[in-house]
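Take a look at the structure below.
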Amino acid sequence: MLNRVGLIVRGLAAVLLVLVSARVAVAEEKRLPVPAVSIRAGELIRDDMITERTFAPNLLGVAMFIEGRQVLVGRMARRALLPGQPIPTNAVEDPWTVARGAQVKVVVEDSGLSIVTYGSAMQSGAAGALIPVRNTDTGVIIRGVVQPDGTVKVVDGS
863 MLNRVGLIVR GLAAVLLVLV SARVAVAEEK RLPVPAVSIR AGELIRDDMI
913 TERTFAPNLL GVAMFIEGRQ VLVGRMARRA LLPGQPIPTN AVEDPWTVAR
963 GAQVKVVVED SGLSIVTYGS AMQSGAAGAL IPVRNTDTGV IIRGVVQPDG
1013 TVKVVDGS
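Its first residue numbered 863, the sequence shown is counted upward by one per residue in our numbering.
Next up, the structure:
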């Protein structure tokens, strides 16, 4: 009789251990936002394009993937994003304010003096990005910071 009770207690302990282990494993799983559809490079990400999926905590590089849906919505894909796959942090960027090859207004300000000219953007950039611009009159390449209104403000020393 005591042998039977011991077996029952050990069996219950084993079941309890399995249940606790399963609960801990579930608690450690990561829920990451993933594309619900294919998203092409250069496409703006909308809320309806994103869903969530659970990943094991030991997923290779899990810390390098975007963890919040709010980080994705309104941003632009830098490369194709496949449905159901976690999104690396370097796969999205802010939408471009200036596109490569676009004619932009270039502003130089110094000591109250403001000079305005036009140039051709040599690379795309979002507001706050430092980009090269070719002056359309002289052909000289200058660097400037993209402003929210699409103008490029020349930085000191350029």
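Note that the Cβ used here is the ideal one computed from N, Cα and C, for glycine as well. None of these values were measured; they are calculated from a predicted model.
Residue i versus residue j: straight-line alpha-carbon distance, rounded
i: Ile1003; j: Val954; result: 28 Å
i: Glu890; j: Ser982; result: 50 Å
i: Ile907; j: Pro1010; result: 20 Å
i: Asp909; j: Met984; result: 31 Å
i: Thr830; j: Gln965; result: The shown model of the chain, from 863 to 1020, leaves out residue 830, and the question about it has no answer.
i: Gly1001; j: Glu929; result: 44 Å
i: Thr951; j: Asp1018; result: 31 Å
i: Arg937; j: Pro895; result: 14 Å
Closest residue to residue i among the options (Cα-Cα distance)
i: Pro948; options: Met938, Gly963, Phe917; result: Phe917
i: Pro957; options: Val1014, Ala991, Leu894, Gly974; result: Ala991
i: Glu914; options: Pro945, Arg937, Met926; result: Pro945
i: Val970; options: Thr1013, Ala898, Met911; result: Thr1013
i: Val1016; options: Asp999, Thr1000, Ile993; result: Ile993
i: Pro897; options: Gly1006, Val935, Asn952, Asn920; result: Val935
i: Gly987; options: Gly1001, Leu894, Met926, Arg962; result: Arg962
i: Val968; options: Ile912, Asn952, Arg1005, Met911; result: Arg1005
Buried/exposed call for residue i, threshold 16 Cβ in 10 Å
i: Val978; result: exposed
i: Pro919; result: exposed
i: Met911; result: buried
Cutoff 6 Å; reference residue i; Cβ partners in own chain excluding five residues on either side
i: Ala989; result: Thr959, Val1008, Pro1010
i: Glu905; result: Ala939
i: Arg893; result: Glu914, Thr916
i: Asp972; result: none
i: Arg931; result: Pro895, Ile912
Proximal residues to residue i (C-beta, below 8 Å), its chain only, five neighbours per side dropped
i: Ala942; result: Ser900, Ile901, Arg902, Ala903
Close beta carbons around residue i, own chain, < 7 Å, minus the five adjacent residues each side
i: Arg996; result: Gly981, Ser982, Met984, Ile1003
i: Leu975; result: none
i: Met926; result: Pro950, Thr951
i: Val933; result: none
Contact with chain B by residue i, beta-carbon distance below 8 Å
i: Arg1005; result: Although the question refers to chain B, the structure presented lacks it and comprises just one protein chain.
Legend entry - Those runs of the alpha helix (DSSP H) which lie wholly inside the region 915 to 950 and span at least 4 residues: 931 to 934
Where in the region 945 to 1006 do unbroken runs of the beta strand (DSSP E), each at least 3 residues long, occur, reported from the N-terminal end onward? 965 to 972, 975 to 983, 992 to 997
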